[in-house]
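*Asks:* Numbering follows this note's numbering, with no gaps: position 54 of the sequence shown is 51. First, the structure itself, so that you have it in front of you.
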Amino acid sequence: MICRSVFLRRKLLLGLTACAVIGSMGGCHRAMYRQQADDDARALVEEKSCDPRWAMPGFNIEMNPASRYYDGQHDPVKPPMPPDDPESHELMHCVYGKKGWAKWHENGDRSGLENPVWQQCLDQYVTRSPSGAYVLRLEDSMRLAIIHSPNYQQQLETLYLSSLDVSTERFRLQTQFFAGNATTYTTRGRLGDTGPRGGVGNTPSGTIGVPYGGGSGGARSLGAGREQIGTTTPTFTGTAIDPITGIPIPITVTGTPIPITRPLGSDQLNTTTGAQFQRRFATAGELVVGFANTFMWQFAGPDQQASASLASFSFLQPLLRAGGRVVGLERLTL
């Protein structure tokens, strides 16, 4: 039975470890977050493009492949490090005598920022004269500025970042759900118990057969987490004087049998699952509702299990300071 119990415990621990490893492998990655940010920004710009005076259909911040600064050779999710000022670059590796981050060059380095084939793409949007010279009209000049101007690209990126700010503030006013699980497995071997042991012996007064620290209450109980593996009987051997003959005679006094115990190994599994939702209101109020459920299994001696549930509810509404719609909706207009 003991071998079977140990096997089941190890099997359970192995299963929990495998679940944790598999769950961590399915985490979110940078490419997913980048795509979500692009979708949110594009949706907000299209929402505000209802007026043809400032409409921007098909908004995106991706550079034209014909641009001087287009980079089609590297992964945009993990771009390499661009050229840096040599003196400033030293501070990235050592500043104030402290060693810097060791993975600055993890994605490689770029030797330059210019697109090596941008001049070959000019014929796609600029006409040539019979002599081979480029002919620039007003429309061609505007097209060149839009494709190659870093200032125009910076304005697009500023609009992109502003859209993400608006998306974040709108998210604050939506119902937000949170859920999680914490599972722990604790094992304790036989050598982990350093508590007191039961026993019988002589007290400082020399009385025979009185339990250690037990007074007249008898031998100490085994207690939880211990098992009995045998018993021992204390004895006292000495001599006494016969009151009649006055001759010394040997005597033996036998004490109360006491158990020999050892600590039990214990294994404990705890899992807590919680969920809550949070909602902010236009009046700067906040509502939070949560629920948590805990299960505990104790594998020691007689197996035990317990469970507990907790539900919480809170509502906060500022009335004077930081309260009202003038505060709750302010960040949407920044």
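For each residue, glycine too, the CB sits at the ideal point set by N, CA and C.
At what residues does the beta strand (DSSP E) containing V114 begin and finish?
*Replies:* Indexing the sequence shown from 1 puts residue 114 at position 117. Note, V114: premise wrong, no beta strand (DSSP E); not H, not E.
*Asks:* Under three-state DSSP, which class holds V132?
*Replies:* Here the question's residue 132 lines up with position 135 in the sequence shown. Of the three classes helix, strand and coil, the one that applies to V132 here is strand, per DSSP.
*Asks:* What's the C-alpha gap between Q121 and D72?
*Replies:* As a working mapping, residue 121 is identified with position 124 in the sequence shown. As a working mapping, residue 72 is identified with position 75 in the sequence shown. Roughly 25 Å between the two C-alpha positions.
*Asks:* Where does E283 fall in DSSP's three states?
*Replies:* Within the sequence shown, residue 283 is the residue found at index 286, counting from 1. Strand, per DSSP.
*Asks:* How is the alpha helix (DSSP H) around D162 delimited, first residue to last?
*Replies:* As a first step, residue 162 is located in the sequence shown; it is residue number 165 there, counting from the start. Counting along the chain, the alpha helix (DSSP H) containing D162 begins and ends at P147 to R169.
*Asks:* Taking N290 as the reference, which of N267, A281 and T280 has the closest Cα?
*Replies:* Numbered from its first residue, the sequence shown carries residue 290 at position 293. Closest by alpha carbon: N267.
*Asks:* Give a yes or no on whether the C-beta atoms belonging to G282 and L317 are separated by under 8 Å.
*Replies:* For this step, residue 282 is matched to residue 285 along the sequence shown. For this step, residue 317 is matched to residue 320 along the sequence shown. Contact flag unset, no.
*Asks:* Less than 6 Å between C-beta atoms, sequence neighbours within five positions excluded: which residues of the same chain meet that for W294?
*Replies:* For this step, residue 294 is matched to residue 297 along the sequence shown. Cβ neighbours of W294 beyond the five flanking positions: L266 and Q302.
*Asks:* Beta carbon of N104, beta carbon of R65: below 8 Å?
*Replies:* For the purposes of this step, residue 104 is taken as the residue at position 107 of the sequence shown. For the purposes of this step, residue 65 is taken as the residue at position 68 of the sequence shown. Contact flag unset, no.
*Asks:* Between which two residues does the alpha helix (DSSP H) containing L307 stretch?
*Replies:* Counting from 1 along the sequence shown, the entry for residue 307 is found at position 310. Segment Q301 to L313 is the beta strand (DSSP E) holding L307; no alpha helix (DSSP H) there.
*Asks:* Grab me the residues of T232's own chain with a C-beta within less than 8 Å of its C-beta, minus the 5 sequence neighbours each way, in chain order.
*Replies:* For the purposes of this step, residue 232 is identified with residue 235 of the sequence shown, where counting begins at 1. Excluding residues within five positions, the ones whose Cβ falls inside 8 Å are T249, V250, T251 and G252.
*Asks:* Taking 8 Å as the threshold, find out whether the segment 141 to 157 comes into contact with the segment 52 to 63 through three or more Cβ pairs.
*Replies:* Yes, since at least three Cβ pairs between the segment 141 to 157 and the segment 52 to 63 fall closer than 8 Å, the two stretches touch.
*Asks:* Okay, do the segment 27 to 46 and the segment 159 to 175 touch, 3+ Cβ pairs below 8 Å being the bar?
*Replies:* Yes, since at least three Cβ pairs between the segment 27 to 46 and the segment 159 to 175 fall closer than 8 Å, the two stretches touch.
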